[in-house]
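Chains as they are written, first to last, in the working numbering: chain A, 9 to 357; chain B, 158 to 709; chain C, 75 to 289. Heads up: the structure comes next, in structure tokens.
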Amino acid sequence: MWQGFPIRPDQASTIARGVDHLYYFLTAVDLFFTALIFLTIFYLAIKYRRRSAETKATQVEGNLPLEVIWTIIPLGICAVTFLWGSSLFIRNSRPPEAATEIFVVGKQWMWKLQHPEGPMEINELHVPVRRPIKLTMTSEDVIHNFYVPAFRVQKDVVPGMYTSIWFEATSTGRYHFFCNQYCGTNHAVMGGYVIVMSPDDYEQWLSGGIRGESMASAGAKLYEQLACITCHGTGKGPPFVNLFGSQVKLTDGTTVTADEAYIRESILYPSAKIVAGYQPLMPTYKGQVTEEQILQLLAYIKSLSSGGVSQSSKPTSYPPSLEGGGQGAGNQNAGGQQSPANVPVPPGP
Amino acid sequence: MGGGREGNHEMGTAVVEPGIESRIHYLNASYGIKSWLLTTDHKRIAVLYLASITFFFFIGGAAAVLMRLNLISPQGALLEPATYNKLFSMHGIIMVFFFMIPSIPAVLGNFLVPLMIGARDLAFPRLNLLSWYVFMVGGLFTLYAVIAGGVDTGWTFYTPLSTTYANTQVISAALGVFIAGFSSILTGLNFVVTIHKMRAPGLTWFRLPLFLWAIYATSIIQILGTPVLAITLTLVALERVFHVGVFDPAVGGDPILFQHLFWFYSHPAVYIMILPSMGVISELVTAFSKKRIFGYSFIAFSSVAIAAISFLVWGHHMFVAGQSIYAGIVFSVLSFLVAIPSAVKVFNWTATLYKGSVSYQAPMLYALGFIGLFTMGGLTGLFLATLAVDAHVHGTYFVVGHFHYIMVGGAVMGYLGGIHYWWPKISGRMYPDGWARLSAAIIFIGFNLTFFPQYMLGYLGMPRRYAVYAPEFQVLNVMSSAGASILGVGYLIPLVYMVWSMRYGPVAGPNPWGAKGLEWQTPSPPPTENFEETPKVTEEAYAYGTEETQVA
Amino acid sequence: MHSSTALAEQFDDLEQQHESSSFGMWVFLATEVMFFGGLFTAYIIYRNFYLSAFEAGSRLLDVKVGAANTAVLLCSSLTMALGVRAAQLGKKKLLVTFLVLTLLLGLAFIGIKLGLEWRHDYLEGFAPGVNWTFHGPDWRHLELFFCFYFFLTGVHALHMVIGVGILTTLIIMAGRGRFSPQRYNPVEVSGLYWHFVDIVWIFLYPLLYLIGGRY
Chain A
9 MWQGFPIRPD QASTIARGVD HLYYFLTAVD LFFTALIFLT IFYLAIKYRR
59 RSAETKATQV EGNLPLEVIW TIIPLGICAV TFLWGSSLFI RNSRPPEAAT
109 EIFVVGKQWM WKLQHPEGPM EINELHVPVR RPIKLTMTSE DVIHNFYVPA
159 FRVQKDVVPG MYTSIWFEAT STGRYHFFCN QYCGTNHAVM GGYVIVMSPD
209 DYEQWLSGGI RGESMASAGA KLYEQLACIT CHGTGKGPPF VNLFGSQVKL
259 TDGTTVTADE AYIRESILYP SAKIVAGYQP LMPTYKGQVT EEQILQLLAY
309 IKSLSSGGVS QSSKPTSYPP SLEGGGQGAG NQNAGGQQSP ANVPVPPGP
Chain B
158 MGGGREGNHE MGTAVVEPGI ESRIHYLNAS YGIKSWLLTT DHKRIAVLYL
208 ASITFFFFIG GAAAVLMRLN LISPQGALLE PATYNKLFSM HGIIMVFFFM
258 IPSIPAVLGN FLVPLMIGAR DLAFPRLNLL SWYVFMVGGL FTLYAVIAGG
308 VDTGWTFYTP LSTTYANTQV ISAALGVFIA GFSSILTGLN FVVTIHKMRA
358 PGLTWFRLPL FLWAIYATSI IQILGTPVLA ITLTLVALER VFHVGVFDPA
408 VGGDPILFQH LFWFYSHPAV YIMILPSMGV ISELVTAFSK KRIFGYSFIA
458 FSSVAIAAIS FLVWGHHMFV AGQSIYAGIV FSVLSFLVAI PSAVKVFNWT
508 ATLYKGSVSY QAPMLYALGF IGLFTMGGLT GLFLATLAVD AHVHGTYFVV
558 GHFHYIMVGG AVMGYLGGIH YWWPKISGRM YPDGWARLSA AIIFIGFNLT
608 FFPQYMLGYL GMPRRYAVYA PEFQVLNVMS SAGASILGVG YLIPLVYMVW
658 SMRYGPVAGP NPWGAKGLEW QTPSPPPTEN FEETPKVTEE AYAYGTEETQ
708 VA
Chain C
75 MHSSTALAEQ FDDLEQQHES SSFGMWVFLA TEVMFFGGLF TAYIIYRNFY
125 LSAFEAGSRL LDVKVGAANT AVLLCSSLTM ALGVRAAQLG KKKLLVTFLV
175 LTLLLGLAFI GIKLGLEWRH DYLEGFAPGV NWTFHGPDWR HLELFFCFYF
225 FLTGVHALHM VIGVGILTTL IIMAGRGRFS PQRYNPVEVS GLYWHFVDIV
275 WIFLYPLLYL IGGRY
């Protein structure tokens, strides 16, 4: 049992070692100064102990050079630590360009993890090793937090907005993840495992599990079912082709970037931002779409942008149930496509 | 007899005539419950607070005992998760708002501020009594919340959990804290005005004992910070009652705004909890080394600097909350800066021992323990200020270890040291120092065994506020719980001998420690009006060894 | 309650007592700034998020009634200041008159605010949590505006009510001849409080009523 006392979790991500080094440095500083103070106190308290009632103290008012030294040195240590920590943090916060995006929805008291290719997991996350993975997360109810100690990453998962983290696992295995923001009665059991697999095993797992469809094609179906197509396919509403990631001009003259938050807001609070040249006609879908459905619509809209396709780790293939193919830019034909049989198909990557 | 001016009493030469008091002082000047409940004497009010916060301490402590018992086994040995969640919430609320924040200011501050400046009372004695009643009303609301089923949102009341999803006594707990906040504000107000306007002739700012600088800095924080908490909690209550959407995104609100507003107060609040204790340490190391403090003005300015910078660092609680990286960087820098004045103080206290005449009575043991433990705990704050490390340990037991090192290893030890030091002045009796030193040792050992493993648990990844946990964390949890049982014993012993000493302890003279300071220039216990005539101050603080002052 | 002309035990002389009392009121007002400040901050942040909804809400408020209330409060600050002056000069009848006028103006403000404006908003269905009937586009953000409107003006009105209580006490004390040119500090510090509550309204009025995109 006692093979060695663990002081740190597994180093299972690319950033883990860097974080651990900084931690060791801080630990050394802490232990050094704690020992320094304790030993100095010990030494002084014994050396200058009151041996008898007549023992007199020698008054020492202060010493300016000493004050300066013991202000400057801590300041220096703090500066070094701050710079080290911030640069590491900034680097660790920016996901690589080619990160695979996986979508996470937290709710009391479980996690739903949605791969773009389709598989959805509950309280478990399969990922390939040595591939950067970006988690885009939101909550259905209260604030949660997705925390993987072995990867040294965590982020609050907040209702009403998307937060994200990224990691690149460096070794296969099972690593605990926890909910790390107190969220109610079963907060302590709201966790699971990240299962890091070799790329081949991961492909196998991915294809073995698909029964459903990719997020993007589910989103395409919703686009139709929720009648988005009636406006956004007819020119009454702004088109979605190449929308994601672009700059959008609004009626009040400002310009915003069409990112995840913008699209989510447009679905739930359409009157918040009106695109220049369009009327405020869109009804709200609040209460009619779940967070997962919003993510599916997002995936669909992203797939309509050449740069914004969420890269999955294998080429996208569509189950044979989907009609059509190669309709290029989908629904932008003038005159509108209203017949239900004409499901717009997103162009492949 | 205990009367007369301070002579050259060294400690231990107490007059041994237990029980016979022919002198009138504040404790026996009047009898009966009305004389206590309607008193405006700051000393009696301090004693009222002492009784109240001791009561709350043991309630919060009982919650902690149950929590640590539960955590002996990974599946939760003792409690349902719902119960555990209520216990940690109540532990936090009671310990923070009904023990830590009032402890030194309302007990030692109330008792000592007028004595240390040579005044007859605070500026607003009736306001002082009102403060205590307000505190008790707040406490009653909170106790009601406990009895009516408890609250399980954590003391941090994060939204939308607290506004929309929790179905426990959120409103009564929030109301209890809100009301107690006014007590804090009024106490701070009283101290600021008193220290400004009522110092004895000759007592300039830079002759003040450092305890008063600390109380002053604390009062500034109490005055400026607490109102923001009040308004935030009121918004939470309104949202619960009227189902409007101030903080709930489902109805248009922003849960992160709650965090900003909450931590804008609650970070400075932790400095309310530590600054007074630092002030006590300055008094203790000087008295028990018979030396002037090393670097008086540095410590004085550090207290004010800590109070000022404390308002600028709240975002370090939100590094992983979804705020921007740039906000994180700004708050990280400022959080490092706030550590520097504390470091300066630690060095100055240690240097005060140099060439001193050091004795080891219980108050000094608490003071020395404080300095070491505060150093360790304060430095773990640097871990949390470091963005890349906080991204890993935020929300884990590392944070729990950090703040308990400061608040328990630091502030509570300072409080106990202060209570022991000024006990003869407050009660007129000496406590048995042997038992006191034993308790200090037990507390020190129990404390470290309880909380050091928590740093390790945190880095290993164990989240806080977990009623059950993954099995790999068990060994360290058992160690922590073992330590907690020792710590609990350590806290119970003083309760016994202090109460014992009130009746059977040796009667204390005016200055059993041979310490400098106006409070020792008057009998123990002091008369109601504190001084027979207003003292005139002609020397610096801690003017020990005036017969052979040297500058080294 | 001891006589107002007596020196309280804890003070050395009347000057120290006056200074402490005034200083204490200033410190208290600092806490009040932080108290309202938290609310103002939240309001401004949400206004920034939901500008159009907040502007719409602002336009639903009656500028003229708000202006009338502003005039009422400004006048009450004038009468309060004149009352302090009267106390300084030892003119008891004048002091009581001005205090009573201030009180009446304060009551008028509360009456207009609660009896006229709040009642109107309630009847129109703009009272969040109590009677909210509007469900047009963006209604949740409009509701948020009205939350802040009621809470801001409500907390302000509460402070006015406390001020009315203080004034009543002062009137009774003044009537009994408790104040003199040597001892009028309670009037002075109450004046400070009253002016502060007035200043809060001077901030509230533009923030709630005037910047609604109507100009």
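The beta-carbon is built from N, C-alpha and C at its ideal position, and this holds for glycine as well. Being a predicted model, the structure only gives us computed values, none of them experimental.
Beta-carbon neighbours of C:D195, restricted to chain A and to distances below 8 Å: None at all; the shortest Cβ gap to chain A is about 22 Å.
Ranges of the alpha helix (DSSP H) found wholly within the stretch 248-327 of chain A, counting only runs of at least 4: 268-276, 299-311
Cβ shell of B:S499 (< 6 Å), same chain only, five flanking positions each side left out: G535
Distance CB(A:R182)-CB(A:A24) smaller than 7 Å: no
Separation of B:S642 from B:A221, as counted between CA atoms: 10 Å
Contact set between B:H353 and chain C, taken where Cβ atoms lie within less than 7 Å: F97
Endpoints, alpha helix (DSSP H) assigned at B:E689: Run containing B:E689: none; DSSP gives neither H nor E here.
Three-way DSSP call (helix, strand, coil) for C:W206 in this model: strand
Start-end ranges of the alpha helix (DSSP H) lying completely within the stretch 619-670 of chain B, minimum 4 residues: 631-661
Which of helix, strand or coil DSSP assigns to A:D164: strand
Environment of A:K244 [buried if 16+ CB atoms lie within 10 Å]: exposed
Counted within 10 angstroms of its Cβ, other Cβ atoms place A:F50 as buried (16 or more) or exposed: exposed
Coil, strand or helix - B:H182 by DSSP: coil
Contact set between C:T290 and chain B, taken where Cβ atoms lie within less than 8 Å: No answer is possible for residue 290 of chain C: the residues shown for chain C start at 75 and end at 289.
Boundaries of the alpha helix (DSSP H) in which A:H184 is found, first to last residue: Careful: A:H184 lies outside any alpha helix (DSSP H), inside the beta strand (DSSP E) at 181-187.
7 Å Cβ cutoff, C:P255 in contact with chain D: Going by chain labels, chain D is absent from the structure shown, which instead holds the protein chains A, B and C.
Chain-ordered neighbours of B:Y183 on chain A, where CB pairs are closer than 9 Å: The premise fails here: B:Y183 is roughly 31 Å from chain A at the closest Cβ pair, so nothing lies under 9 Å.
Counted within 10 angstroms of its Cβ, other Cβ atoms place B:L649 as buried (16 or more) or exposed: exposed
Separation of B:I210 from B:E696, as counted between CA atoms: 35 Å
The stretch 593-613 of chain B in contact with the stretch 550-563 of chain B per 3-pair CB rule at 8 Å: yes
Meets three-Cβ-pair contact criterion under 8 Å: the stretch 100-110 of chain C and the stretch 378-395 of chain B: yes
Short Cβ contact (7 Å threshold) for C:S132 with C:N259: no
Residue range of the unbroken beta strand (DSSP E) whose run includes A:P136: 132-136
Any chain B beta carbon closer than 7 Å to C:R214: yes
6 Å CB neighbourhood of C:F85 in its chain, flanking five on each side removed: Q91
Own chain partners of C:L135 with C-beta closer than 6 Å, once the 5 adjacent residues on each side are dropped: Y283
Near-chain A residues of the stretch 523-549 of chain B - C-beta to any C-beta below 7 Å: L525, I528, G529, T532, M533, L536, T537, L539, F540, T543, L544, A545, V546, A548, H549
Nearest residue (CA-CA) to A:Y308, options A:A226, A:M198, A:T63: A:A226
Collapsed DSSP secondary structure at A:I151 in the structure displayed: coil
Per-residue burial, A:V351 [other beta carbons within 10 Å of its own, 16 or more giving buried]: With a pLDDT of 35 at A:V351, under the threshold of 50, the modelled position of this residue cannot be trusted, and the question is left open.
Where A:Q233 falls, given that 16 or more other Cβ within 10 Å makes a residue buried: exposed
Endpoints, alpha helix (DSSP H) assigned at A:L364: Beyond the ends of chain A as shown, which are 9 and 357, falls residue 364 of chain A; an answer cannot be given.
Pair within 7 Å by beta-carbon distance, B:M533 and A:T263: no
Which residues DSSP lists as bridging A:K142, in chain order: A:E109, A:W174
Cutoff 7 Å: A:S206 Cβ touching any chain C Cβ: no
Outcome for C:E198 when other beta-carbon atoms lying within 10 angstroms are tallied against a minimum of 16: exposed
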